[in-house]
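Below is one structure, written out as structure tokens; comments come after it.
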Amino acid sequence: MRPILDLAREKLKGKRVFAVLSGKGGVGKSIVAAFWAMALPKSALIDLDLFNMSTVKLFGVEKLHEVDKEGIKPFEVDGVKFFSLGGIVGDRWVVLPGANEGGVAEALLAFADLAGVENVVVDMPPGTGEVLLTLARATPFTPIVVTTPSRAAVSVVRRLMDYLQEQSIAPEVLVVNMAYLMCKGEKIRPFGWPKELEDLKSRVKRVLELPLDPSLEDYIGNLAKYRGEVFQAVKKFVEYV
Amino acid sequence: MHEYSLAFSIVQSVDKWAREMGVYVKRVVVSVPSVAMLDLDILQEAYDMLKRESRLENSKLEVRVKSPTFKCRRCGYTFTDRETPLEEVRRKYGEEYPLHLIPELAPTFIRCPKCGSNDIEADLSIKVEEVETA
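Just so you know, the sequences run in chain order R and P. Residues in the first sequence are numbered from 1 upward in steps of one, following our numbering. Residues in the second sequence are numbered from 1001 upward in steps of one, following our numbering.
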């Protein structure tokens, strides 16, 4: 009997769970996950990137989560609900042997108070480690795979897609972050557009290309206020899908 | 207050099992790691409240608090929580003591007293050890 895992399963049952994934770090998963949650109604974001916990930084939260009889209360910033290990340990490093990672991720999923939430967006760590296995133990999920046009990212993301496909959860959505920027009305692709990326695109039903918006940097710490072109692109896509 | 969530998880798991097996439960034995510093009276109170209208309604909860043995994976030294700074961590965080919520976080706060590594292993999970049926 595994009471914490059972509780996680029960908490997530009947909810739509989106896992924002990438084989590669630094491609913008946390930003995409945050905007995905902001674009969906009745949503909550759970940050399972246990060693980076960037969600608290993105939304500018410096306090700890409150806990009551129903579990861990979400942080709420301008209507965006989210949970993060950063709200449990505070602003400090986290070091965990692999065997502990699953227990920590399971506990976050199990004890998050998801009352009134219908859509759960999970910000995943890069790669195919313990947290991905933990999420799969706890709930079915819709993978949202994120890459950049860089060949360094694309080759790693392809292997993740191969794995997901073998697990019968082949992603339907590919997000290409930092895909272009608009310059004098013209679409520029600063990182190119390798052939390997076309191969990845051909494996999914829908592709979301996100622009590079340098002004986004000004909103780190205040992300819930950002309504610029990257968010608008995610919102339009989520509404359409 | 975390004890309520924990009690809920125990009641839910055991009740689900009892329904599948077609049995009623008389006694549940749970082990919790000492590092979680749970309030056993609140855990008991929560259990007694949450077991109503379940297959555990007439059951008793027995909680065994286990002091984990920590083992450093770098130098091999083994030690107990008496050699850890957990009281200090508890004082620092107060009510929001992280290991109360998630005991598996221990290696983030505990270092090997001999070599200083955080590469520490220990059994820190909360387990249903025994279920006695009626």
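Idealized CB from N, CA, C, for every residue including glycine.
Check the C-beta distance from residue i over to residue j and give it rounded, since I have them as a contact under 8 Å.
i	j	result
L104 of chain R	N1118 of chain P	The amino acid at residue 104 of chain R is misidentified as Leu; the sequence shows Val. 14 Å between Cβ atoms; not a contact.
V67 of chain R	M1037 of chain P	No, V67 of chain R and M1037 of chain P are not in contact; Cβ-Cβ is about 14 Å, not under 8 Å.
K1026 of chain P	A1134 of chain P	5 Å
V154 of chain R	W36 of chain R	Between W36 of chain R and V154 of chain R the Cβ distance is about 21 Å, and since that is not below 8 Å, they are no contact.
M38 of chain R	F231 of chain R	7 Å
L1 of chain R	S1013 of chain P	One point to set straight first is that residue 1 of chain R is Met, not Leu, in the sequence displayed. The pair is a contact, with the Cβ atoms about 5 Å apart (cut-off 8 Å).
E1104 of chain P	A107 of chain R	7 Å
L174 of chain R	V145 of chain R	5 Å
K1051 of chain P	E1057 of chain P	6 Å
M124 of chain R	K29 of chain R	7 Å
A99 of chain R	E1121 of chain P	7 Å
Anyone know if the C-beta pair for residue i and residue j falls short of 9 Å?
i	j	result
P171 of chain R	L21 of chain R	yes
V1032 of chain P	L1099 of chain P	no
L85 of chain R	L50 of chain R	yes
F18 of chain R	T55 of chain R	no
P1068 of chain P	D1123 of chain P	yes
Q1044 of chain P	V1063 of chain P	yes
T134 of chain R	L109 of chain R	yes
Y1047 of chain P	A1018 of chain P	no
K24 of chain R	T142 of chain R	no
A138 of chain R	L12 of chain R	yes
P1135 of chain P	Y1077 of chain P	What is shown of chain P runs 1001 to 1134, which leaves residue 1135 of chain P out entirely.
E200 of chain R	M178 of chain R	The sequence given here places Leu at residue 200 of chain R; Glu does not occur at that position. No, these two residues do not count as a Cβ contact at 9 Å.
L58 of chain R	L223 of chain R	yes
S1005 of chain P	L7 of chain R	yes
A1089 of chain P	F1109 of chain P	Note on residue identity: the sequence assigns Val, not Ala, to residue 1089 of chain P. Yes, they are a contact pair.
V1030 of chain P	R1055 of chain P	no
G90 of chain R	Y1093 of chain P	yes
P3 of chain R	I1010 of chain P	yes
V61 of chain R	G79 of chain R	no
I1042 of chain P	E1095 of chain P	no
P190 of chain R	Y180 of chain R	yes
Cα-Cα, which of the options is closest to residue i?
i	options	result
G26 of chain R	R:L45, R:A152, R:K63, R:P143	R:A152
Y240 of chain R	R:L210, R:F59, R:R206, R:K11	R:R206
D47 of chain R	R:D199, R:L181, R:I31	R:I31
K42 of chain R	R:Y180, R:K235, R:E118, R:Y219	R:E118
C1115 of chain P	P:E1132, P:R1074, P:A1106, P:L1101	P:R1074
V157 of chain R	R:R9, R:V204, R:R16	R:V204
E10 of chain R	R:P97, R:F111, R:I220	R:F111
C1072 of chain P	P:R1111, P:R1082, P:V1131	P:R1111
W93 of chain R	R:V77, R:M53, R:H65, R:E198	R:M53
P214 of chain R	R:S202, R:G228, R:L208, R:G221	R:G228
A233 of chain R	R:G116, R:L208, R:I220, R:Y219	R:L208
L197 of chain R	R:E186, R:L216, R:E217, R:V176	R:V176
K63 of chain R	R:E70, R:G71, R:K69, R:E76	R:E76
H65 of chain R	P:I1102, P:D1039, P:E1083, P:M1049	P:I1102
Quiz prompt | 4-residue-minimum alpha helix (DSSP H) runs that sit fully inside the region 153-183 of chain R, ordered along the chain | solution = none
Exercise. Could you name the residues of the region 44-73 of chain R whose beta carbon sits closer than 8 Å to any beta carbon of chain P, in the order they occur along the chain?
Key: L64, H65, V67, D68, K69, E70, G71, I72
Exercise. Output the residue ranges of the alpha helix (DSSP H) runs that lie fully inside the region 91-161 of chain R and measure 4 residues or longer, sorted by chain position.
Key: With a minimum length of 4 residues, the continuous alpha helix (DSSP H) runs that stay inside the region 91-161 of chain R are 98-111, 130-138.
Exercise. Scan the region 1099-1111 of chain P for residues whose Cβ lies nearer than 9 Å to a Cβ of chain R and list them as they occur along the chain.
Key: Contacts with chain R (Cβ-Cβ distance below 9 Å) from the region 1099-1111 of chain P involve H1100, L1101, I1102, P1103, E1104, L1105, A1106, P1107, T1108, F1109, listed in chain order.
Self-check item: Runs of alpha helix (DSSP H) wholly within the region 1008-1051 of chain P (minimum 4 residues, chain order)
Solution: Entirely contained in the region 1008-1051 of chain P, the alpha helix (DSSP H) runs reaching 4 residues are, in chain order, 1040-1050.
Quiz item: Can you list, in chain order, the stretches of the beta strand (DSSP E) that have 3 or more residues and sit fully within the region 182-235 of chain R?
Solution: 186-188, 206-211
Exercise. Go through the region 50-83 of chain R residue by residue and report every complete run of the alpha helix (DSSP H) that reaches 4 residues or more, in order.
Key: Whole alpha helix (DSSP H) segments, 4+ residues: 54-59.
Exercise. Could you please tell me which residues of the region 73-89 of chain R, in chain order, have their CB closer than 7 Å to any CB of chain P?
Key: I88, V89
Quiz item: When you check each C-beta in the region 118-138 of chain R against every C-beta of chain P, which residues fall closer than 7 Å?
Solution: none
Exercise. Would you list, in sequence order, the uninterrupted beta strand (DSSP E) runs of no fewer than 3 residues that lie entirely inside the region 1066-1125 of chain P?
Key: Note on the region 1066-1125 of chain P: whole beta strand (DSSP E) runs with a minimum of 3 residues are 1070-1072, in chain order.
Practice problem: Name, going along the chain, the residues of the region 4-36 of chain R whose beta-carbon falls closer than 8 Å to a beta-carbon of chain P. | Solution: I4, D6, L7, E10
Quiz prompt | Residues from the region 1007-1041 of chain P in contact with chain R, defined by Cβ distance under 9 Å | solution = Listed by position, the residues of the region 1007-1041 of chain P near chain R (Cβ gap below 9 Å) are F1008, S1009, I1010, V1011, Q1012, S1013, V1014, K1016, W1017, V1030.
Practice problem: Quick one: which residues of the region 1039-1064 of chain P get their C-beta closer than 7 Å to a C-beta of chain R? List them in chain order. | Solution: none
Exercise. Determine which residues of the region 173-201 of chain R have a Cβ less than 8 Å from any Cβ of chain P, and write them out in chain order.
Key: none
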